[in-house]
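K.L.:
Can you keep this structure in mind? I'll have questions shortly.
Chains as they are written, first to last, in our numbering: chain X, 1 to 291; chain S, 292 to 675; chain H, 676 to 913.
Take a look at the structure:
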């Protein structure tokens, strides 16, 4: 019983960790390559979930097709975001980037409230109703699917960064923007692709989570704070750091939350973040775009 | 007859004439402040329906003390600042005899000092914040009377229901806000009062996305029920994940069963996944008693819609106030206050509206359960 | 001789403030030109302006008859201009192999493979440290790596910023030897160099900058003969 309880908690934690990882890695990627902290990340996740709702519940599209569509739309929005706004911000203009993305977050959140209202919406995927119960551990199919989507997204990103020319160029820009210019890597195009990839990850997270949670304009706020904490603890721009911390956080939240109290866990995350900022400003895994 | 005596006769005559006919023409002004615009506009509308219907019924029978009632209504937009403006207008401009209001607890708390200074009775039909009682009656403000059960009173009612159900072990989950903390505290005291052991209380932030850890933890506690104090979006998210995870611990609290049912699939409801889930309501139009059926029929005839908590409580608050004016025997604010304090009014809900030392009444409330494949059923009335 | 690169009243800087101001000069094809001057005179800025890494604030830049001052760095690279910036300008947390492949970023795969093969043959050290992180190489090895990366595209104009900085005398000589060999093979070289005596020995022409402007231009012998410049910029011989 006790062991099974622990397994259940660990399973919960790993699933939620995989989603944290998707959000945090997108955030970290954009920071690593553009030097921009995207405070609107949570709102793009919310838009991803809302778009999934529109495609699945309103237009009656297949869920899996919708995931791909949402990622493509998110990538397109990423390109627009880059070309309209982020392109105009230099690597070291932190205040400008913060104000811009924060403003964008407010507009998106309130815009969503104005257009769709605060009423929560539900995305139902009949194929994913039910549970799988390996070793008596109850895992809803929706969560198993979200985990699979997240892992696919993460491995897709690793493949992109290590096995493609674009990914190599992205890592180069993150590692040394001047050297990247010197070898002829077009900085603007890479930045644009990065924002597109980062937002596609957001879209994937939104689409993966839409069948699990209720979809509403404020759904991104708490998640994105966690994602920030993860990115800071893992080291700004360190993708592997973000991924490790995301999974660790999922498991710690789930087990500590179960054995101590849930509100304590919420505090722990941010206490660790502050401690890391004080004692290891570069994060536990240092800076640099590494997987 | 001396001139003096003649004058006296005239004065007597005039006085008698005024008390029989002249004054009967001047109506009693009742003030209402509620949220007629903004997000709570629908609730404010029902506040007005209830008061208007009660006054119309009273006027049809000739009013009280031979005088008719008129209503002065002022919008407070559920904002304390607007509430103070509305109350000031009702008190100094319309010079109302008494005020009914103010729906949102924060507004009620803001206008309580004003009605005390103006020595004008305030009857509170809708605001449920536990913060109101400790300030009323013995708490200092003996001009404020609350007819609705407070959140604490409703927690007591839930406690009585759980005792009836033979519940021994409980857990409480609440959002980490004034609402959640207040609800959890009320529940803790209610459980203590009825002798049910509280195993754990969990606070979670508003807009928490994930409830799996919480649900897993609750199931592992082996409690008979979990009382949940969450607001709309979180309630739906909670039940959505409740279904997905196949959680087993039955839920009680204050949630609207219509909201709960909307959060899960029809299949889950049909196979009894939520049977045994319960929620306490201050009022439900489906209450199957002759008194309530009669009230609902009259309400529908007038407004072509079903009454809700706001319309019902405002209706009865108005009746309570009119009954107190009748007993006072004169339209005098001090006399009305004295009479209100001695109220013994038989409510449609079956309880007796009478005010305790803190001017709080303890009317019945309705426990609603999901049964037989997710059907909504009223399982009983519980004193708050 | 025909001019490879001409600065026509060029002003450039990192912000709106010009560091190089209204500078005109020509770089002859197949020559080695050395830029000298005090710290802050604008030498590095002038080199970077030729590659497009700093803000162009005025004037024209003509490369082999074509105005290039509005082109992005990658476009200038395609026209045969390469830069090796000052300091460690490689990808520290990537391997030598990855650095070289990035150096050949603008080339098609077969061409890149061939170019990398040639550089590894030229500098066997690169092959020996093939899978090591660039950040773990010595200063001299990193300088060789960076020059190799720049040479992968077979540039016709090579801009070198302090190629000998921080190197031991032995490595420094190796680096100068490489530059001499490049010049001999027909590459036009413009370099900024602290080690003026070493640099002048392999230069055809010297341009002296002060406060963002050209104050002298001529062959090394003329520079050595100018008493004022010798005391101001050349100091004691090493």
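Think of the CB as a built atom: it goes at the ideal place given N, C-alpha and C, for glycine as much as any other residue. Values in this document were obtained by computation on a predicted structure and should not be read as measured data.
Following the continuous alpha helix (DSSP H) through residue 808 of chain H, name the residue where it begins and the one where it ends.
P.N.:
From DSSP, residue 808 of chain H is part of no alpha helix (DSSP H); its letter is neither H nor E.
K.L.:
Can you tell me which of the three DSSP states residue 862 of chain H falls into?
P.N.:
coil
K.L.:
Bridge partners for residue 678 of chain H per DSSP, in chain order?
P.N.:
According to DSSP, residue pairing for residue 678 of chain H in a beta bridge involves H/703.
K.L.:
Does DSSP classify residue 731 of chain H as helix, strand or coil?
P.N.:
Here residue 731 of chain H sits in strand by DSSP.
K.L.:
Among S/435, S/384, S/659, S/542, which one has its Cα closest to the Cα of residue 628 of chain S?
P.N.:
S/435
K.L.:
What does DSSP give as the partner residues of residue 710 of chain H in its beta bridges?
P.N.:
Looking at the DSSP output, residue 710 of chain H sits in a beta bridge with H/867, H/882.
K.L.:
Quick one: complete alpha helix (DSSP H) runs, 4+ long, within the region 388-428 of chain S?
P.N.:
396-408
K.L.:
Tell me whether residue 553 of chain S sits in a helix, a strand or coil according to DSSP, three-state version.
P.N.:
helix
K.L.:
What are the residues of the region 173-185 of chain X that lie near chain H, defined by any Cβ-Cβ distance shorter than 7 angstroms?
P.N.:
Those would be 175, 176, 178, 179, 181, 182, 183, 184, 185, in chain order.
K.L.:
Can you pull out the residues from the region 467-495 of chain S whose beta carbon lies closer than 7 angstroms to at least one beta carbon of chain X?
P.N.:
467, 493, 494, 495
K.L.:
Could you have a look at residue 888 of chain H and say whether DSSP puts it in helix, strand or coil?
P.N.:
DSSP places residue 888 of chain H within a strand segment (E or B) once states are collapsed to three.
K.L.:
Enumerate, from N- to C-terminal direction, the unbroken alpha helix (DSSP H) stretches of 4 or more residues contained entirely within the region 330-395 of chain S.
P.N.:
332-351, 371-379
K.L.:
Does the region 360-374 of chain S touch the region 620-635 of chain S, meaning 3 or more C-beta pairs lie closer than 8 angstroms?
P.N.:
no
K.L.:
With a CB to CB cut of under 6 angstroms and the five nearest residues on each side skipped, what residues in its chain are close to residue 519 of chain S?
P.N.:
464, 542, 544
K.L.:
Thinking C-beta only, is residue 9 of chain X closer than 7 angstroms to residue 255 of chain X?
P.N.:
yes
K.L.:
Taking the alpha helix (DSSP H) that residue 436 of chain S falls in, what are its first and last residues?
P.N.:
Going by DSSP, residue 436 of chain S is part of no alpha helix (DSSP H) but of the beta strand (DSSP E) stretching over 435-437.
K.L.:
Report the option in H/765, H/777, H/867, H/897 whose CA atom is closest to the CA atom of residue 840 of chain H.
P.N.:
Closest in alpha carbon position to residue 840 of chain H, among H/765, H/777, H/867, H/897, is H/867.
K.L.:
Quick one: what does DSSP say residue 259 of chain X is sitting in, helix, strand or coil?
P.N.:
helix
K.L.:
Would residue 658 of chain S pass as a contact of residue 569 of chain S if the rule is Cβ separation under 7 angstroms?
P.N.:
yes
K.L.:
DSSP has residue 756 of chain H in a bridge; who is on the other side?
P.N.:
H/832
K.L.:
Check whether the region 750-766 of chain H touches the region 796-805 of chain H, taking contact to mean three or more Cβ pairs, one atom from each stretch, closer than 8 angstroms.
P.N.:
Between the region 750-766 of chain H and the region 796-805 of chain H, the count of Cβ pairs shorter than 8 angstroms is below three; the stretches do not touch.
K.L.:
Is the shortest distance between the beta-carbon of residue 816 of chain H and the beta-carbons of chain X less than 7 angstroms?
P.N.:
no
K.L.:
Could you list the residues in the region 755-770 of chain H with a C-beta less than 7 angstroms from some C-beta on chain X, going in chain order?
P.N.:
Within the region 755-770 of chain H, those residues whose Cβ lies closer than 7 angstroms to any Cβ of chain X are, in chain order, 758, 760, 764, 765, 766, 767, 768, 769.
K.L.:
In three-state DSSP terms, what is residue 494 of chain S?
P.N.:
strand
K.L.:
For residue 719 of chain H versus residue 836 of chain H, is the C-beta spacing smaller than 7 angstroms?
P.N.:
Yes, they are a contact pair.
K.L.:
Sort out for me which residues DSSP pairs residue 571 of chain S with in a bridge.
P.N.:
S/658
K.L.:
Exposed or buried, which one is residue 242 of chain S when buried takes at least 16 other CB atoms within 10 Å?
P.N.:
Residue 242 of chain S lies beyond the stretch modelled for chain S, which goes from 292 to 675, so this question has no answer here.
K.L.:
Taking the runs of the alpha helix (DSSP H) that are 4 residues or longer, which of them lie wholly in the region 20-85 of chain X?
P.N.:
41-53, 63-84
K.L.:
For chain S, is any of its Cβ atoms less than 7 angstroms away from the one on residue 264 of chain X?
P.N.:
no
K.L.:
Taking only beta-carbon positions, decide if residue 314 of chain S is within less than 7 angstroms of chain X.
P.N.:
Since pLDDT at residue 314 of chain S reaches only 48, below the 50 mark, its modelled position is unreliable, and no value is offered.
K.L.:
Chain H partners of residue 191 of chain X, CB-CB under 7 angstroms?
P.N.:
What residue 191 of chain X touches in chain H: nothing, since even the nearest Cβ is about 13 angstroms away.
K.L.:
Which residues does DSSP list as the beta-bridge partners of residue 488 of chain S?
P.N.:
The partner list for residue 488 of chain S (beta bridge, DSSP) reads S/460.
K.L.:
Quick one, are the C-beta atoms of residue 409 of chain S and residue 382 of chain S less than 7 angstroms apart?
P.N.:
yes
K.L.:
Does the ligand MN have a heavy atom nearer than 6 angstroms to the CB of residue 45 of chain X?
P.N.:
Of ligands this structure carries none, so the ligand MN is not represented either.
K.L.:
Compare the C-beta of residue 12 of chain X against all C-beta atoms of chain C and say whether one is closer than 7 angstroms.
P.N.:
The structure shown contains no chain C; the protein chains it does contain are X, S and H.
K.L.:
Per DSSP, residue 893 of chain H is paired with what?
P.N.:
According to DSSP, which records beta bridges pairwise, residue 893 of chain H is partnered with H/881.
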